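First the structure, in the form of C-alpha cells, and then the observations on it.
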Amino acid sequence: MSVGLLYALAGAALVAIGLAGLLLLPQLLRKILAFNILGSGAFLILVGLGQRDGGIDPVPQAMVLTGIVVAIAATALALALARQLLDLSGRMRLPEDGPDAGAADD
Amino acid sequence: MTDFLDPLPWLIMLPLAWGTLAFVLGPGRGGRLAIAAIALQGLLVLQLAGQLLAGGARVHAVGGWGAPLGIDLLADGLAAVMLLLAQAVALPLAIYARGYFAAQPKGRELFWPMTGYLLAALNALFLSADLFNIYVTLELLGLAAVGLVAIAGGQAPVTAALRYLLATLLGSGAWLLGVALIYGSYGSVSLAILAPLVGADAPLAATLAAALMLAGLLLKTALFPFHFWLPPAHGGAPAPVSALLSALVIKATFYLVLRLWLELFAPLTTVAAAQLLGILGAAAILWGSALALAQTRLKMLVAYSTVAQVGYLFLLFPLATLVPPDAAESAVQGGVMQAVAHGLAKAAMFAAAGSMIVATGRDDIGRLGGVGAHLPLTLFSFGLAGVTLMGLPPSGGFSAKWLLLRAALETGQWWWVAVMIAGGLLTAAYVFKVLRRAFLPVASGDRVTRVPRTLEFSAFALALAAILLGLFGAPLLALLAVGGAA
Amino acid sequence: MIDTWLPVGVVLSSFLPGLFIFFLAESRIRLRTALNLIGALAKLALIGVMLWGVLNDHEYVFRHTVLPGLDLVLKADALALLFVTLSAVLWLFTTLYAIGYLEGAPHRSRFFGFFSLCVTATVGVAMAGNLFTFFVFYELLTLATYPLVVHRGTEQAMRAGHVYLGYTLGGGALLLVGTVWLYGLAGQADFVHGGSLAALPPETAGQLQVVFLLLIAGVGVKAALVPLHGWLPLAMVAPAPVSALLHAVAVVKAGAFGIVRIVYEVYGVEFAQSLDLLTPLAIAAAVTIIWGSLRALFQDDLKKRLAYSTVSQVSYIALGVALFGPLGTIGGLVHLVHQGIMKITLFFCAGNYAETLGIHKISEMDGAGRRMPWTSLAFTLGAFGMIGVPPLAGFVSKWYLGLGALEAGMPWVLAVLAASSLLNAAYFLPVLHRIWFRPAPSAWPAEHIPQRGRWETAPLLLLPPLATAAAILLVGLFAASAFSPLDWAKLIADREYLQWTP
Amino acid sequence: MSRAVAALVVLLAAGLAAALGLAMLDLPEPAVRLPARVAAKLGDSGVDHPVTAVLLNFRAYDTLLEVAVLLLALVGVLALARPHAARAAAPAHPLLQTLARLVAPLMVLVAGYLLWIGAHAPGGAFQAGAVLAAAGVLLRLAGLLPAWAQPGLLLRGGLALGLLVFVAVAVAVLGQGSLLQYPPAAAGGLILLIEAGLTLSIGLTLAGLYLAGTEVEP
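Chains as they are written, first to last, in the numbering used here: chain A, 292 to 397; chain B, -16 to 469; chain C, 8 to 509; chain D, 495 to 712.
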C-alpha cells in the first residue's frame, strides 16, 4: 500500500467523522468544525488518490488549494451567521423541530 | 475581433464584473448598472442561441489548453435553455427589486453585489463541462444564495440561512467527494473525457461517486425528503430574493442531476433508481401541495408550492430511463419545460406576493381582502402564474404536463398520470385559496396602499412570459435539441 | 390570409375589449359600455362574413404549432358557426341586459372583463378545430366563469364557487387524460366530418372505449349530466346575467357541444355506434332528463327551478346525439340553439322579477302578470316553449327527437320525451297560473324599480327578454325556411353521416 | 435527537467510510495521466512551479471563481455586521502594541517575498495574502486597527482590486482565442500582475472576515 492510498483511507475516516458530527452535534460551532473535518477528508482523498502510485500530481494539489480557500470562505460566513444567531436568540444552536412541524400555526 | 465578442465568456465575466463594481460603488448602489448589464446578458444569450441553432453545440477551451489539462466550457441546447431562463427571470426581477427595496429598504445594502455573483455562478455552472469547476460554481452559488437569505437580518431569516448553509455545504461536500473518486478512478474531471471512460469501465468508485454526487444534488435541489431547509429560507427572504432562489437556484442543481443522469452516468442508471427518483418526486408533489394548502402566511404557501413543483421535475427520470427513445425525448422535453415554466411562474408569484405584502403591510393570507380591488394587475399576475403551476392551458406548465403525460401513457406508467393530475388539482386548491381571499373587500381596520408601478408590471411580465411559453414552446424545444442532450 | 385570421378575429373581438376593461377605472361607464358593444357588434360582423363564406364552401382555418405534433386550430365550419352565432347574438343581448342590471353596482370593470373572457372562451370552444384546442378554451371557460359565480362575494357565493371549481377542474382533468391518451393512440385528434378514429387498428377498441368514457365524463361535468350536475343549482347565486349566460350559451352549452364534437367529429357517429358507445350515452341522457325534471318540480326558488330545468333540457342535446340517425342529430343540434334562446329568456325574466319587485320565490309570484305584463308574456313564451307547445321553438326540437328515436329503433325514448314534457308542464304551468290568475299581494317583497309610465321596469332589462321571446316564436314558425337553425342543423347532419342510408 | 436516530447516523457514516475504503482499494489504473501533460506544457505556462502553473494558468478559471467566492463571503459577512459593530477595540498591553508595530512591516516584506517566489517554488498570492491578513489581525488584536462594518470607498476598491484585475486580464486576452489565454511571451508578466492584485485583495479580504465579524456585542 502506497502512502498516497493511506492518506486517502485516512481521508475516508475523516469524512465519516465529519458527516456524523455535522448531523449529530447540536452545537453550531461543532457543526462548523465537523464540516471542516469532512472537507479535509475529501481533500485528503483527492490528493491521496492522485498520487497513490508514488508520483506527485500538481493538479489535485492545485484543486485542493482552491478548495481550501472556498472552505475558508464558507466557514467565515457560517461563523458570522452563527454569531448573529447567538446575538439574536442567545443560543448557539438551531431550533430542534423541523419546519414542517409548525407549518399550520406559524 | 469575433473572438473578442464571443458571448460565452462574457456571460460569466459580465455579472462578476458588475457585481464587484456594485460592491465598490457602495451600499445600496448599482441597481441601474445591474439592470443594464442583465439586459446585455440577455442579448448575449440570444446571440448564443442563434449560434447554436445555426452551427450546433459550442466548446470554449478556457486558456486555450483544452480538456483534460484545461477547463472547457460547453454550450449545448440544454445549457442555452437554462441560460435563457436565468436572464429572462433576472431582468424583470432586477427591475422589481429596485422598486421593492425603495419601498422596503431592509436588506438593500448588499443586494446587488450578491445578485451579481449569484448570476455569475448560475451562468458559469450552466456552461461548465468540468466536474471540479462545477464544484467551485456550486459553492459560489450556494454562498450567494445563503447570503441573500440572511440579507434582511432577523432571527428567523438568519436561522433559515444557517440551516440552508449547512445543507448546501453538505451537498457540495458530497459532490467534492464524488469528484475525488472520479479523479482517482480516471485521472480527469472533464465531462467530455470521462463520458466514454465511464461507459467502458465503471469501478465501484465510479458508482459510489455517482450516488454521492446525486445525493448531494438532491439535497441542494430540496427534493422530498431533503426539502426541510427550503420553505423557511425561501419564505423568509425578501421577495426578490425568494423569487431568484425558487426560480433559478434550485433549477441549477436540477440541471446538474439531469446532465449527469443523461450523459456522464447514463451507463450506470437503472430502472429501480429512476423509479425511486420518481417516487420521491411524487411524494414531493403531494406532501408539498398539502402543506402549501395548510399555510397561513402567503410567502410560506408559495415556498411550499416550490417543494411540490420540484417534484414534477423528477418525474422525468422514470419516464426517460430505459424506455423507447420517443417517450424519453418527450419526458426530457417535459422536464426541461417544467423547469423553465416553473422558473418564470414562481418568480412572478413571489414578486406578486411581495407586492401584496408591501401593500397590506403583513404576510397573512387571511388579510388579503382588498388586494383584488387595489392591485388588480398584481392579483392577475398571481392568477396567471397559478394557471401555469396548475398546468392549465395555454401555459408553459401545461406544455410540460402534456409532454410528461404523453411519456407516461406511452410507457404505460399510468401511476405517474394519477400523481400529476392529483398534483394539479391540489395546486388549484392552494392557488384559489389565495385568489378568493384577495377578491373579498378590505376587512375593517385594514389598509391597502398602492405599490410602485414597476412592482406590478415586472411581476406581470414574468407571468405573461410563463403563459406565452405555452403558445411558443416549439422554438425552445428546437434549441433544446441542439447537441443531442434531449 | 383573411381566411386564416377571421376565426382569430372572432376570438379577439371579445378578448381585447375584455383585457382593456379590466384596467378601466370603475367610473368610466361610457367607455366601458362602448367597448362592450363595439366588441359584440364587431364579432357579429365577422361572423356574418364567415356565414356567407361557409355557405359558399369557404374554409376558415387558423393553425399554430404549440409543440411538435400539437397544434392550436381554430376552424369555422357549419357546426362551429351554429354555436358561434348563437353565442354572439345572445352575448349582445346579455351585455345590454347586464349593463341595465348592474347599474350602480360595485366592481363592474372586473365583472365585464371576465364576462368578455367568458364569451371569448365560448367562441373558442365553438371554433376549436381539434380536441386540444377544445380543451384549451374549455379550461379557460372554467377560469373566466369562476369570478362571475363568486362575483357577489357572499359566503354562499364563495361556497358555490368552491363547488363549481371542484367539479369543473375535476372534469377538466379527466378530459386532459382522455385527450393525451387519444393523441398517443391516434397521433392527433382533429375534428373532421365522420371522425378519424375508425382507421385505428381493431385491438385499440377497448382503449378507445375507456377514452370515450373519460372524455364524455370530462365534458359531462359542464353539460351537467347526472350525477355530475351538482354544481349547477348552487351556481345560481351568481347575478342574473351570469346565470343567463351560463345556462344558455357558455358553460353547460360548451359541455353539450363537446359531446357533439366528440361523438361526431372525433369518433364519428358510425364508429361510435360500432363500439356500442351510443346506447349508454342515450341512457345517461334519459336519466338526466327525468331526474332534472323531477328535482325541478320541488324547488320553490325560481332560479333553482330553472336550473334543474336546464339540467334536464341540455341533455336533450346529448340524447339527440346518441340517437343514431340524421333525424336525431337534427333534433339535438337544433335544440342546442332553441334551448339557448328559451332559457336565456326565462333567466332574463327571473332577473327582472328579482330586480324590480324583489321576487325570488315562486310562492311570491302571485299576480306578477298584472304588474309586469311584458316580462310575464316573455316568461310565458319561454315556458310554453320548454313544454313543447307548437309552434314554438321547443316543439320543433322535440318533434325531431321523437322522429329520431323511431328511426334509431329506440321507442323507449319516446316515453322519456313524453314523461319529460309532462313534467315540464307540471313545473311550469303552476308558475304561469300564479302569475296570471292569482290576485296580487298588497305589497311586493321589495320593490326596487317603480312603474314609470309604460315602463314596468328599466328599459335595458325589458327589451332583451322581449327580443329573445320573439325569437322563440320566430324560429318555431319559420323553422322550415332557409337560414333557420333547423335548416342549418340539417346541413350539418347531412355531412356527418358518410355511409348511412335510411 | 433519539438514540436510535443517532445510532443510525453513526451506522450510515461508518458504512460510507467502509464503502469509500472498499472503492479506493479497488481502483483501476487511471486512463488519463495529467502530471505528464502538466510537465509537458510547463514551459508555455509562464511560471516554473507546476502547482502555480495549474492554479494560475491551466486551471486559472477555477482560481478566478474562487477569488469571487472569497470576496462574496466577505460581502455576506458585511451584510450581517450591524453599524454598532464598528467600535474601536479596547487598548491592548503596551508590549503587544510595540511588538505588533515592529512585526507588521516585516510581515509585509514576507508577503512580498512569498508572492515573488511563487513562480518558482511553493508560495504565491494566497500564501502572501494570508500573511498580510495575519498582520492585519495582529494589529487589530493590539488595538491599532478599528473593526469595520462599513468599509469606505478606498477600502472597497482595495478589496475588489484583485478580482477586477483578474477579470480584466481574462477578457483582455480574448483576442487570443479564448478566456484567460495569455500570449505565451506575456504569460509570466500577466500572472505576476494578477498575483500582485490578488495578494493585496486576499490580504484585505481575509483580514476583513475577521475584522468585520468581531466585536458584535451590543
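Even for Gly, the Cβ is constructed at its ideal location relative to N, Cα and C. Treat the numbers as computed from the prediction; the structure is a model and nothing was measured.
(request) Check whether the Cβ atoms of Gly131 (chain C) and Leu147 (chain C) sit closer than 8 Å, and answer yes or no. (result) Here residue 131 (chain C) refers to the residue found at position 124 when the third sequence is read from its first residue. Here residue 147 (chain C) refers to the residue found at position 140 when the third sequence is read from its first residue. Yes, these two residues count as a Cβ contact at 8 Å.
(message) I'd like to confirm the pairing. Which residues does DSSP put opposite Asn137 (chain C) in its beta bridges?
(response) Taking the first residue of the third sequence as position 1, residue 137 (chain C) is located at position 130. Note: Asn137 (chain C) is bridge-paired with C:Asp197 in the DSSP secondary-structure output.
(request) Give the interface partners of Gly358 (chain A) over in chain B, defined as CB-CB distance under 8 Å, in chain order. (result) For the purposes of this step, residue 358 (chain A) is taken as the residue at position 67 of the first sequence. Near Gly358 (chain A) (Cβ distances below 8 Å), the residues of chain B are Tyr118 and Leu159.
(message) Please report the straight-line C-alpha distance between Phe490 (chain C) and Leu62 (chain C), rounded to a whole angstrom.
(response) The residue you call residue 490 (chain C) lines up with position 483 of the third sequence. The residue you call residue 62 (chain C) lines up with position 55 of the third sequence. C-alpha separation (whole angstroms): 10 Å.
(request) Return no unless some Cβ of chain D is closer than 8 Å to the Cβ of Phe(-13) (chain B). (result) As a first step, residue -13 (chain B) is located in the second sequence; it is residue number 4 there, counting from the start. So yes, Phe(-13) (chain B) belongs to the interface.
(request) State the start and end residues of the unbroken alpha helix (DSSP H) segment that holds Leu56 (chain B). (result) Translated into positions along the second sequence, residue 56 (chain B) becomes position 73. Unbroken run through Leu56 (chain B) is the beta strand (DSSP E), Ile54 to Ala58; no alpha helix (DSSP H).
(request) Tell me whether the beta-carbon of Leu413 (chain C) lies closer than 8 Å to the beta-carbon of Gly389 (chain C). (result) Locating residue 413 (chain C) in the third sequence gives position 406, where the first residue counts as 1. Locating residue 389 (chain C) in the third sequence gives position 382, where the first residue counts as 1. Not in contact: Leu413 (chain C) and Gly389 (chain C) (Cβ atoms no closer than 8 Å).
(message) When you compare the region 62 to 79 of chain B with the region 221 to 229 of chain B, are there three or more beta-carbon pairs, one atom per stretch, that lie closer than 8 Å?
(response) yes
(message) Is it buried or exposed, Asp520 (chain D), if we count other Cβ atoms within 10 angstroms and call 16 or more buried?
(response) Counting from 1 along the fourth sequence, the entry for residue 520 (chain D) is found at position 26. Its Cβ having fewer than 16 others within 10 Å, Asp520 (chain D) is exposed.
(request) Determine, using beta-carbon pairs with one atom in the region 418 to 431 of chain B and one in the region 19 to 36 of chain B, whether at least three such pairs fall under 8 Å. (result) No, the region 418 to 431 of chain B does not touch the region 19 to 36 of chain B.
(message) Could you check whether the Cβ of Met601 (chain D) sits closer than 8 Å to any Cβ belonging to chain B?
(response) Indexing the fourth sequence from 1 puts residue 601 (chain D) at position 107. False, the Cβ-Cβ gap to chain B never drops below 8 Å.
(request) Kindly list, in the order they appear in chain B, the residues whose Cβ is closer than 7 Å to that of Gln670 (chain D). (result) As a working mapping, residue 670 (chain D) is identified with position 176 in the fourth sequence. Those within 7 Å of Gln670 (chain D) in chain B are Gly47.
(request) With 8 Å as the threshold, decide whether the Cβ of Ala706 (chain D) is near any Cβ in chain B. (result) Start at 1 with the first residue of the fourth sequence, and residue 706 (chain D) comes out as number 212. Chain B contact via Cβ: absent.
(message) Within the continuous beta strand (DSSP E) that includes Lys82 (chain C), where are the two ends?
(response) Translated into the one-based positions of the third sequence, residue 82 (chain C) becomes position 75. In the DSSP assignment, Lys82 (chain C) falls within the beta strand (DSSP E) that extends over Leu77 to Ala83.
(message) Buried or exposed, going by whether 16 or more other CB atoms sit within 10 Å of the CB of Asp55 (chain B)?
(response) In the second sequence, the residue the question calls residue 55 (chain B) occupies position 72. Buried, because 16 or more other Cβ atoms sit within 10 Å of the Cβ of Asp55 (chain B).
(message) Can you check whether the C-beta of Ile450 (chain B) is within less than 8 Å of a C-beta belonging to chain C?
(response) Residue mapping note: residue 450 (chain B) aligns to position 467 of the second sequence, counting from 1. It does not: the Cβ of Ile450 (chain B) has no partner Cβ on chain C nearer than 8 Å.
(request) Could you say which of D:Ala530, D:Ala641 and D:Leu694 lies nearest to Leu658 (chain D) if we only look at CA atoms? (result) Here the question's residue 658 (chain D) lines up with position 164 in the fourth sequence. The candidate whose alpha carbon is nearest that of Leu658 (chain D) is D:Leu694.
(message) Do Leu123 (chain B) and Leu608 (chain D) have their beta-carbon atoms positioned less than 8 Å apart in this structure?
(response) Locating residue 608 (chain D) in the fourth sequence gives position 114, counting from the first residue. Locating residue 123 (chain B) in the second sequence gives position 140, counting from the first residue. No, the pair does not count as a contact, with Cβ atoms beyond the cut-off.
(request) Return the first residue and the last residue of the beta strand (DSSP E) that Phe69 (chain C) is part of. (result) Along the third sequence, one-based indexing puts residue 69 (chain C) at 62. First-last of the beta strand (DSSP E) with Phe69 (chain C): Tyr67 to Leu74.
(request) May I ask you to list the residues that DSSP assigns as paired with Arg430 (chain B)? (result) Within the second sequence, numbered from 1, the residue matching residue 430 (chain B) stands at position 447. DSSP lists no partner for Arg430 (chain B).
(request) Given a cut-off of 8 Å, decide if Val318 (chain C) and Met372 (chain C) are closer than it, judged by their beta-carbon atoms. (result) Sequence index remark: in the third sequence, residue 372 (chain C) carries index 365 (1-based). Sequence index remark: in the third sequence, residue 318 (chain C) carries index 311 (1-based). Cβ atoms of Met372 (chain C) and Val318 (chain C): not closer than 8 Å.
(request) State yes or no: is the beta carbon of Ala580 (chain D) nearer than 8 Å to at least one beta carbon in chain A? (result) Taking the first residue of the fourth sequence as 1, we reach residue 580 (chain D) at position 86. Confidence at Ala580 (chain D) is low in this model, with a pLDDT of 47, below 50, so its placement is unreliable and the value that follows should be read with caution. Not one chain A Cβ lies under 8 Å of Ala580 (chain D).
(request) Kindly list, in the order they appear in chain E, the residues whose Cβ is closer than 9 Å to that of Pro678 (chain D). (result) Looking at the structure shown, chain E is missing, and the protein chains on hand are A, B, C and D.
(request) Just the chain B side, please: which residues come within less than 7 Å of Ala628 (chain D) by C-beta, in chain order? (result) For the purposes of this step, residue 628 (chain D) is taken as the residue at position 134 of the fourth sequence. Near Ala628 (chain D) there are no residues of chain B at all, since even the closest Cβ is about 23 Å away, more than 7 Å.
(request) Determine the extent of the beta strand (DSSP E) in which His43 (chain B) is found, giving its start and end residues. (result) For the purposes of this step, residue 43 (chain B) is taken as residue 60 along the second sequence, with counting starting at 1. Residues Arg41 to Val45.
(message) To the nearest angstrom, how far is the alpha carbon of Leu269 (chain B) from that of Leu467 (chain C)?
(response) What you label residue 269 (chain B) is simply residue 286 of the second sequence in a count that begins at 1. What you label residue 467 (chain C) is simply residue 460 of the third sequence in a count that begins at 1. Spanning the alpha carbons of Leu269 (chain B) and Leu467 (chain C) requires a straight line of approximately 50 Å.
(message) For Phe552 (chain D), would you say it is in contact with chain B, using Cβ-to-Cβ distances shorter than 8 Å as the test?
(response) Along the fourth sequence, one-based indexing puts residue 552 (chain D) at 58. Answer yes: the Cβ-Cβ gap between Phe552 (chain D) and chain B drops below 8 Å somewhere.
(request) Confirm, please, whether the CB-CB distance from Thr120 (chain B) to Ala107 (chain B) is below 8 Å. (result) To locate residue 107 (chain B), count along the second sequence from 1; it is residue 124. To locate residue 120 (chain B), count along the second sequence from 1; it is residue 137. It is a contact, given that the beta carbons lie within the stated cut-off.
(request) Measure the C-alpha to C-alpha separation of Ala216 (chain B) and Lys368 (chain C) and round it to an integer number of angstroms. (result) Translated into positions along the second sequence, residue 216 (chain B) becomes position 233. Translated into positions along the third sequence, residue 368 (chain C) becomes position 361. So the alpha carbons of these two residues sit roughly 55 Å apart.
(request) Please go through the region 613 to 675 of chain D and give each complete alpha helix (DSSP H) segment of 4 or more residues, from N-terminal end onward. (result) 619 to 635 and 647 to 666
(request) Would you mind telling me which residues of chain B sit closer than 7 Å to Pro75 (chain C), beta carbon to beta carbon, in chain order? (result) For the purposes of this step, residue 75 (chain C) is taken as the residue at position 68 of the third sequence. Per Cβ cutoff of 7 Å: Ala457 and Leu460.
(request) For chain A, find out if any of its Cβ atoms is closer than 8 Å to the Cβ of Met518 (chain D); answer yes or no. (result) As a position in the fourth sequence, residue 518 (chain D) is number 24, starting the count at 1. Chain A contact via Cβ: present.
(request) Please decide whether Val306 (chain A) counts as near chain B, where near means a Cβ-Cβ distance under 8 Å. (result) Within the first sequence, residue 306 (chain A) is the residue found at index 15, counting from 1. Yes, Val306 (chain A) lies at the interface with chain B (some Cβ there is under 8 Å from its Cβ).
(message) Three Cβ pairs or more, each shorter than 8 Å: is that satisfied between the region 77 to 97 of chain B and the region 35 to 49 of chain B?
(response) No, they do not touch.
(request) Measure the CB-CB distance between Val541 (chain D) and Ala613 (chain D) and report whether it falls below 8 Å. (result) On the fourth sequence, residue 541 (chain D) is found 47 positions in, with the first residue counted as 1. On the fourth sequence, residue 613 (chain D) is found 119 positions in, with the first residue counted as 1. Result yes, Cβ atoms of Val541 (chain D) and Ala613 (chain D) sit closer than 8 Å.
(request) Determine whether the Cβ of Gln138 (chain B) lies closer than 8 Å to any Cβ atom of chain A. (result) Within the second sequence, the letter at position 155 stands for residue 138 (chain B). Answer yes: the Cβ-Cβ gap between Gln138 (chain B) and chain A drops below 8 Å somewhere.
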